[in-house]
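See structure below.
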Amino acid sequence: MVQQIEIYQSSTVQQVADGLTAMILNGKLKPGERLRESVLAENLQLSRNTVREAVRIVQAGGLIRHRTNHGAIVWDPTDAEIMDVYNARYHLETTAARSVSASTSLAEVHAAMEEFRAVLRSGDPFIIVEKDLAIHTAIVGLLGSRKLVTFYQQLVTELRYFMYVLSTARHEYEDPDALEAEHENIIAALETRDPVLAEKVVSETIIEYRDVIRQIIAKRHSGA
């Protein structure tokens with residue numbers, strides 16, 4: 015009986031954490047907004063302990079930060095934080111691209127691309143973002159290191175946030191043909207087995223998106 019209660023509570027905590035994550039990603043919880051556990055608990059008719067644990071899960075993923083004298087705050091990334099996330103992504107993905115050779119299997123990358131194509135015209139940014147990130151995770155997987163893939167997956171929550179910012183500001187997912195062509199270009203570069211070309215294409219793609227994100231967030235901070 016005790017075991018069943020623990021499983022149920024854990025499930026409830028995760029459901030609340032997933033709900034908070036979705037609200038942050040879709041903009042219902044605004045950047046810089048303070049999260050009051052007592053208010054959330056009352057609105058959800060849950061214990062404060064349950065809400066507190068859910069907030070901790072989301073905080074561990076990077077979308078909630080703790081600020082002195084303010085408590086839990088929805089992440090409002092600084093330019094330095096954007097650069098930090100994208101530098102980590104840059105080094106992992108470009109190193110993976112540079113590792114390609116005649117013996118490199120691209121099976122997982124191709125499989126991820128097919129799943130991406132299958133949802134591109136769904137109009138659902140949540141699903142499209144997940145499949146988009148799966149392609150890039152598969153690229154990092156070319157390094158053959160589970161630890162590096164695990165590290166990359168730790169970046170995924172923050173990258174997911176940035177990709178939703180892009181979808182909101184630039185409506186990218188309303189142009190599936192352009193998105194498909196962009197990812198096909200990356201895979202075509204990998205298929206050449208030319209490490210210099212593969213690194214160049216991956217590098218240019220990451221830098222382009224990094225700079226667009228920086229501009230969007232800077233504009234938001236300026237109030238423009």
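Reminder that position 224 of the sequence shown reads as 238 in the numbering used here, one-by-one numbering, no gaps. C-beta: ideal position from N, C-alpha, C; glycine also.
| Item | Value |
| --- | --- |
| T109 vs L77 beta-carbon contact at 9 Å | no |
| Local conformation of V170 per DSSP, three classes | helix |
| Opening and closing residue of the alpha helix (DSSP H) in which G75 lies | R62 to G75 |
| Cβ-Cβ separation, Y100 to R207 (assumed contact under 8 Å), whole Å | With a Cβ gap of about 26 Å, R207 and Y100 do not count as contacting. |
| S25 versus E128: straight-line alpha-carbon distance, rounded | 32 Å |
| Test item: CB-CB of A152 and A111 under 9 Å | no |
| Rounded separation between S52 and S61 - CA only | 9 Å |
| Residue burial classification, T164 (beta-carbon count within 10 angstroms, cutoff 16) | exposed |
| Beta carbon of Y178 nearer than 9 Å to that of L39 | yes |
| Cα-Cα separation, A183 to E222 | 15 Å |
| Per DSSP, cross-strand counterpart(s) of G137 | Per DSSP, none; premise fails for G137. |
| Closest by C-alpha distance to A212, when choosing among E122, P139, V114 and G158 | V114 |
| Whether G155 touches V123 by CB criterion (9 Å) | yes |
| Where V114 sits in the DSSP three-state scheme | coil |
| Three-pair Cβ contact test at 8 Å for the stretch 70-85 versus the stretch 166-175 | yes |
| Whether L204 touches R103 by CB criterion (9 Å) | no |
| Distance between I230 and W89 (C-alpha atoms, nearest Å) | 15 Å |
| Which listed residue (A192, P45 and E67) has its alpha carbon closest to that of L54 | E67 |
| Nearest-angstrom Cα separation, counted from V69 out to A31 | 6 Å |
| First through last residue of the beta strand (DSSP E) which encompasses R81 | I78 to R81 |
| Outcome for H197 when other beta-carbon atoms lying within 10 angstroms are tallied against a minimum of 16 | buried |
| Beta carbon of R228 nearer than 9 Å to that of P45 | no |
| Three-way DSSP call (helix, strand, coil) for R48 in this model | strand |
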